[in-house]
Each structure stands twice: as C-alpha cells, then as structure tokens.
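Heads up, the sequence shown is in numbering that gives the first Met the number 0, so the first residue is 0 and it goes up one at a time. What follows is a short report on a single structure.
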Amino acid sequence: MERYEGSNCLSGPCALATPSVPSLLLPTPRYQGILQNMNSSFVYDLHAPRTARPTSRNQLVPNQEYLVQSYSLRFPHKILPPIALTSKPGRPPMSMEQALERPIRQLSSLLVDYNDLEIFNCGLQQIRLKITWPGYSEYIENIPLGPQGVQTRAGLLVAVARAYDNFFRTVTAKRCKTKGSNSEWSITAKPHRYNLGNLVPLALKHYGADVFQAEVLVHERSAMQ
C-alpha cells in the first residue's frame, strides 16, 4: 500500500519557500501541450503546441515556469518526460476531490494509458512539488518515492491532490490575500470556483533536480456533470 508524507515550506504569513539545493534558475519557454474540451472528456497531447484559450469554465492555472539546473549526482542529468494524469478518452475529467475519494487500484484503471515512468527509475528518492498559484507565494511539498512512498502514477495523482488540498487549507487558515493584479485568482474570495472539486490535474512536469509542477485545469463542476 502506498504511503504519502508531505511537508510544506511556508513559514509565516504566506512567506516564500526557499529551494534546499544549489540551483541556477533559467527562463524556459511555456510548456507545450494542448487541451481540447470534447463534451465531458479531455484529450491531452503532451507534445503538441497548446492552442486552447481560457474560458469561464475551462481555464488552465498559470505556472511560474523555469528550469532548475543542479550538478548533484543525486538528481537526473536531464529533464524527465511529463507524466499524464488525465482520464482515459471518453471518460469524464477526474477532479482532485474525486482522486482523493477513490482507491489507488480504481484510479489506475481510469487513467489514460501511459508507459513512460522514468521518474521511478532515475534514482530520485523524493520529489518537491511546487505550487505557484497566481497571486500567492510559492508552496512546496515533498513527495517520497519508492517502497516508503509513491510507486505508481495513480499514487502520484493522489499525492498531487493532497498537496493542493494542503495548500488550499493553508491559504484559508492564514487568510492569505492575492498580490498584485491577481484578485481573480483569489482562493478565499472565490471558494465556489477554486476548490478541489473543480481542479483537474492534467500532467506532472519536471523542471530539473527534484522540482516538479502540476499542470492543472480549473473546470467548474457544473461543466463536469
């Protein structure tokens, strides 16, 4: 049975997390992918140019994307392939809330076919999942891999959902407010829109060293029915 242990790097009211490994931050072009809304199901091509435009019910959460270059032998020497976390074609999109409610075995049967799981064979003992929700300080949770942690793609999906759940709980408990011109992304002001029931994880992407980010879609529950 897979186990998940997370820890966040927020300290104080919405403070920035600090990377724990020496790294060089390099700007990178926006990740390529395409999301097409086909009735109540999704087709996510991990390697095609993204063309979808945000709509009121169908909006990708922007990530702060950059490469982390580390020279430690503990980390992969290349960027690992993105890991698809979507449902199989023809099935309704799976929200983070649903992922947390279902057994791992059932989740495995619902996920789109995907065989490239280099993440489990590259020597990483854990990954740092970074959440960069617009207007908020970055939030990081550690996800252990292997016998004492996550060993399957379904396990990664659950770990990502739990990390976002913890992030939302932290923002709500500390009453964090958005910074700059990002009020439209306020989690506390729009709980009916920004909640686990409306968040659909699409892919887990590697940015170097042990740093990963999730590609997440805001897809309102009414559109899932």
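Where is the CB? At the ideal position from N, CA and C, for every residue including glycine.
Which of helix, strand or coil DSSP assigns to residue i
i	result
Ser180	coil
Ser86	strand
Asn120	coil
Ala213	strand
Arg127	strand
Val159	helix
Asn197	helix
Val227	Any question about residue 227 goes unanswered here, given that the chain covers just 0 to 224.
Ile103	helix
Ala188	coil
Ala153	helix
Residue i burial status per 10 Å Cβ neighbour count (16 or more: buried)
i	result
Gly32	For Gly32, the predicted model reports a pLDDT of 37, less than 50, meaning its position is unreliable and no value from the coordinates is stated.
His76	exposed
Ala238	Summary: the structure shown does not reach residue 238, with the chain confined to residues 0 through 224, and so no result is reported for it.
Lys178	exposed
Arg152	buried
Close-in-space but distant-in-sequence residues of the same chain around residue i (CB under 7 Å, 5 per side omitted)
i	result
Glu219	Arg56, Arg192 and Asn197
Own chain residues within Cβ distance below 6 Å of residue i, not counting five before or after
i	result
Ala160	Met95, Ala98 and Leu99
Leu79	Glu117, Ile118 and His205
Close-in-space but distant-in-sequence residues of the same chain around residue i (CB under 8 Å, 5 per side omitted)
i	result
Ala172	none
Ser107	Thr151, Arg152 and Ala153
Beta carbon proximity, residue i to chain C, threshold 9 Å
i	result
Lys87	Although the question refers to chain C, the structure presented lacks it and comprises just one protein chain.
In DSSP terms, what residue i is bridged to
i	result
Gln58	Val217
His76	In DSSP, His76 forms no bridge with anything.
Pro143	Gln125
Residue i and residue j closer than 9 Å at C-beta
i	j	result
Gly207	Phe74	yes
Phe162	Val149	The residue you asked about is not Phe; residue 162 is Ala in the sequence shown. In this structure, Val149 does not lie closer than 9 Å to Ala162 by Cβ.
Check: residue i C-beta below 8 Å from any heavy atom of the ligand ADP
i	result
Gly196	Ligands displayed in this structure: none; no statement on the ligand ADP is therefore possible.
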